[in-house]
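Below: the structure, in structure tokens.
Have a look at this one:
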């Protein structure tokens with residue numbers, strides 16, 4: 080034990096270990112013990128395991144390693160919009176467990192918002208959250224972790240959640256806990272519209288489709304409930320955009336009806 084404590088203290092002082100283990104020899108010592116139970120080296124355990132509120136979590140890569148080492152087959156394919164993971168247990172080769180995760184699933188779970196099919200996820204300082212920065216990796220991790228919990232929990236030794244699933248907001252592309260990036264300078268922040276600007280642009284719009292695009296954009300930036308003044312009336316941006324869109328759509332329908340009526344008249348005259 081004395082040697083392990085000394086080893087843990089040395090590792091905790093290293094700049095090579097993950098930040099959440101630095102200067103925390105007790106946590107490193109725990110990781111060494113947990114690694115021994117998993118049949119892993121201490122460095123591999125510290126790279127793949129993170130403790131969130133007292134609960135150990137693992138990145139998807141480590142989950143996959145543990146499942147495959149147990150003899151199960153794991154296959155994963157992922158795009159920027161969907162990830163599909165399949166697992167065939169060694170003791171039940173006839174059955175295929177399958178889990179898919181899409182951006183629509185992520186949006187329903189409140190992990191991001193979709194604007195024209197693209198994920199939007201920012202913190203209150205305008206920094207891009209992982210679901211916006213690398214959606215493919217996040218979808219892949221969700222599909223793997225859910226599948227492993229469902230089909231091969233016995234191979235995980237209690238590591239059934241990823242850090243992000245336990246509430247870690249800032250993770251890297253591998254799913255490991257990381258620090259929040261520095262907030263961008265004001266001039267470098269993405270130029271999102273203000274609520275009043277969106278209302279003014281809607282007032283100048285000439286088609287309902289223009290207003291629909293403004294509505295989707297405002298939804299992506301969380302502006303629909305922001306107060307605006309439109310037509311001399313103060314209310315929420317979302318309500319103003321809906322009213323303007325309906326008015327333009329009604330005008331477009333009247334124009335279409337008038338055109339059809341004129342065409343019918345021309346035909347009758349002939």
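Residue numbers (my numbering): 80 to 349.
All C-beta atoms in this analysis are idealised placements derived from N, C-alpha and C, irrespective of residue type, glycine included.
The structure displayed is predicted, hence computed values, not measured ones.
Going by C-alpha to C-alpha distance, which of the options sits closest to residue i?
{"i": "residue 309", "options": "282, 300 and 326", "result": "282"}
{"i": "residue 126", "options": "250, 152 and 323", "result": "250"}
{"i": "residue 116", "options": "91, 145 and 94", "result": "145"}
{"i": "residue 192", "options": "303, 315 and 133", "result": "303"}
{"i": "residue 169", "options": "305, 183, 150 and 317", "result": "150"}
{"i": "residue 121", "options": "109, 131 and 184", "result": "109"}
{"i": "residue 350", "options": "142, 292, 147 and 175", "result": "Within the shown structure, residues of the chain are numbered from 80 to 349, placing residue 350 beyond reach of any answer."}
{"i": "residue 275", "options": "94, 246, 306 and 300", "result": "306"}
{"i": "residue 165", "options": "101, 224 and 159", "result": "224"}
Can you name the residues that DSSP bridges to residue i?
{"i": "residue 176", "result": "166"}
{"i": "residue 85", "result": "DSSP lists no partner for residue 85."}
{"i": "residue 171", "result": "168"}
{"i": "residue 320", "result": "Note: residue 320 sits in no beta bridge, so no partner."}
{"i": "residue 199", "result": "192"}
To the nearest angstrom, report how far apart residue i and residue j are at their CA atoms.
{"i": "residue 287", "j": "residue 313", "result": "21 Å"}
{"i": "residue 89", "j": "residue 238", "result": "26 Å"}
{"i": "residue 186", "j": "residue 85", "result": "47 Å"}
{"i": "residue 91", "j": "residue 248", "result": "24 Å"}
{"i": "residue 331", "j": "residue 190", "result": "37 Å"}
{"i": "residue 188", "j": "residue 112", "result": "35 Å"}
{"i": "residue 333", "j": "residue 207", "result": "44 Å"}
{"i": "residue 97", "j": "residue 254", "result": "13 Å"}
{"i": "residue 242", "j": "residue 131", "result": "7 Å"}
{"i": "residue 153", "j": "residue 147", "result": "7 Å"}
{"i": "residue 196", "j": "residue 228", "result": "29 Å"}
Could you tell me whether the Cβ atoms of residue i and residue j are closer together than 9 Å?
{"i": "residue 256", "j": "residue 129", "result": "yes"}
{"i": "residue 213", "j": "residue 252", "result": "yes"}
{"i": "residue 285", "j": "residue 226", "result": "no"}
{"i": "residue 216", "j": "residue 157", "result": "yes"}
{"i": "residue 50", "j": "residue 179", "result": "No statement about residue 50 is possible, as the shown extent of the chain runs from 80 to 349 and does not include it."}
{"i": "residue 139", "j": "residue 124", "result": "no"}
Entirely enclosed alpha helix (DSSP H) segments - the segment 223 to 305, minimum 4 residues: 274 to 283 and 287 to 299
Uninterrupted beta strand (DSSP E) stretches inside the segment 124 to 163 (no shorter than 3 residues): 128 to 131, 134 to 137 and 152 to 157
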